[in-house]
Structure formats: C-alpha cells, structure tokens
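Using this note's numbering, the final residue of the sequence shown is 428, and nothing's skipped along the way.
Positions of the beta carbon are idealized from the N, C-alpha and C atoms, including for glycine.
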Amino acid sequence: MTRRIFVATLVVTALVASGEMLAQENRPLVVASTTQVADFARQVVGDRMEVRSVLAPGADPHLYEVKPSDAELVRQAAICLENGMHLEGGDWMRKLAVAAGKEDELVTCTVGIKPIVLKAEGNQHVDDPHSWFTPLNAAVYVNNITQAVGKYDPQHKDEYQARARLYLEQLRALHLWIREQLSAIPPEQRILVTSHDAFNYYCQAYGFEARAPVGWSTGAEIGGGLTPARRKTVVDSIRDSGVQAIFVETSVNPKLIREIAKEAGVAIGGTLYSDSMGGPGTAGETYVGMMRENTLHIAGALKRK
Ligand SMILES: [Zn+2]
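Below, the structure written as structure tokens:
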C-alpha cells in the first residue's frame, strides 16, 4: 500500500467512524422509568432510537430517590415512559418529566389495563401497579409505546409497527408456554409467597393465590410495611397451606423472606425477578427471559415431588 492510499484509507475510516457516532448521538432519546418498560421500548424502536432506563437492574421503583443525572437525562428525552399506577413511588418519573417541561412527552404505559384493586389499610383501595406480570398486559404496554413512537417519528411508523407485531407474537407464545409449564403444579401448591405483592397479575392469570408479607409496596406508602400481626398471619398461613416453597425477589432485601421461611419451616424456591429485570448477561435481562426464569423457578419448586 502506498503512503497516499494508506492516508486516504485512514481518512475514510475516520469519517465513517465519526459519521456512525454522529448517527448514534443524533438518535432521539427514549427515557423509561423501569427496566422492563425500557425493554418493551427497545423491542419496538430497534436501533432507530436510544433507550435508557432510569432504574438500574435490581433497583426498587417504590423507594427510588432520583439523582441530578436522572433530571439531566429526562431533559434530553424526546419521549418519557412511565409505568404509572404509582409504581414509581411519589410519582417520581412524572415529577422528573414535569420539572423538565416534558409533561406532554410523558407516556403512561399502563393506560388501558384493567387494574387489580387491592385493599389497603384504613379501608383504602389502590390499583396494583405490577401489571406487566402477564404477557397479555405487557402487550398493552407495547401498544402504547408503539403509538407514541409512531406519533413522534411518523416516517418510520410502519417499521415500529412491524417490530411490535413480531414482539406481540412472542408475548402470545410466552403466555401459552407459561400456562403449560405451570400445569404440572397441583392445585394445593398453587400459592405464591413472595416478599412484596408484585405477583397478583401473574397469579390471577395462571390460577395461583398470591401472598406477600410486605404488601403492595416496599415503602411506607398505603398498604406497605409489615406489622408483627401481619407477619404472624403470613407465617401461620404458610404453615397451614402446606406449600413447599416460598420465594425471594431480586429487587427486595431477601432477609425477611429467609426469616419467614425458617419460621414456617419451608424451603426457598429461588429468586424471582420482580420490579426490575436482571443485569446485562443474565437470563433475566429481557422481559421474556425474566418471565421464563421466574416460571421455571416456580414450576420447579412447587410441582409434585
Ligand atoms: Zn413492587
């Protein structure tokens, strides 16, 4: 290679590289509050937009305290996505969007989902925010996101819809697969005990009873927190039920569930992904992977021994 060709090649390579970087940097930014909402968004936008999640894998949305860097991220967002139904404790994602003047760019992904209404302390009622836990509800999130990105970027609307259609097929297949996996669990073992009330939608869809010592939120919000009386009720009900195993969650401190398992004399059936997905390189780093791993843990621990 002559020196001139070599230099020219270098210049072309540098131009291509910077052009690529420019294209990456210029992509519209989608900021999601939670990891699973970010995954749904990624499935729809592909590489056309950059998707970032405020919460890190394993983080707890109920107790999350926003950082200055979150506010900066939301300021740069073309579209903001929240779960809604007060999953984000104190509505922190909405507050971030409002503070950045992005209220009109904020999409609530649970719009259109029929909520499970939980009874909270003092005769209050709350909509259970953990509605992504059935693939059929996840499809509602995906449809809301598809509509929002198509409106923002109508030029590529067909492409977003095509990706969404493929992903919705995967969600339908996931639903059937979960039903089939759980069919091996006998009726008397169909009780799912986890740290906090994250699994009501899953339980309702697949014929389980959900029990959680902490309540619907891990925080001190309505219905959250564990009283000694409630703890005793949970331990007694686990003993009485004859259930073989109870479960730890990735986004909640496992200490309480370990203690309760010991007191009730049952095994820990595994760690379930709950309010956020797993980190990069784990089986739970996507929504489909997280639902698959949870289902295998539950089926493995509760099916007839
Ligand atoms: Zn939760």
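Exposed unless 16 or more other CB atoms sit within 10 angstroms - verdict on residue i
i    : result
L299 : exposed
E416 : buried
N149 : exposed
A220 : buried
I281 : It should be pointed out that residue 281 corresponds to Asp in this sequence rather than to Ile. D281 is exposed by the Cβ-count criterion.
A81  : No statement about residue 81 is possible, as the shown extent of the chain runs from 124 to 428 and does not include it.
Q247 : exposed
R286 : buried
V265 : buried
Proximal residues to residue i (C-beta, below 8 angstroms), its chain only, five neighbours per side dropped
i    : result
T394 : F370, V371, E372, T373, P377, H420
T409 : D162, M400
Rounded straight-line distance, which links the Cα of residue j to that of residue i
i    : j    : result
N323 : N267 : 22 angstroms
D183 : A161 : 15 angstroms
S318 : R354 : 11 angstroms
F163 : T418 : 19 angstroms
V174 : L152 : 6 angstroms
R217 : E188 : 13 angstroms
L305 : P191 : 43 angstroms
V316 : A368 : 8 angstroms
G412 : L210 : 22 angstroms
Q293 : T257 : 13 angstroms
G432 : R427 : Limits of the chain in this structure are 124 at one end and 428 at the other, which puts residue 432 out of reach.
T231 : A390 : 38 angstroms
Residues near residue i in its chain [Cβ-Cβ closer than 7 angstroms; skip 5 each side]
i    : result
S176 : A155, T157, T158, A161
V197 : V154, C203, L219, A220, A223, K225
I239 : D251, N323, Y324, Q327
A387 : V358, I361, R362
A262 : L291, L294
Per DSSP, the bridge partner or partners of residue i
i    : result
I314 : E332
L395 : E372
L219 : In DSSP, L219 forms no bridge with anything.
E205 : T231
Same chain only: Cβ atoms within 6 angstroms of residue i, ignoring 5 sequence neighbours per side
i    : result
R403 : Residue 403 is actually Pro in this sequence, not Arg. Nothing listed; no residue qualifies.
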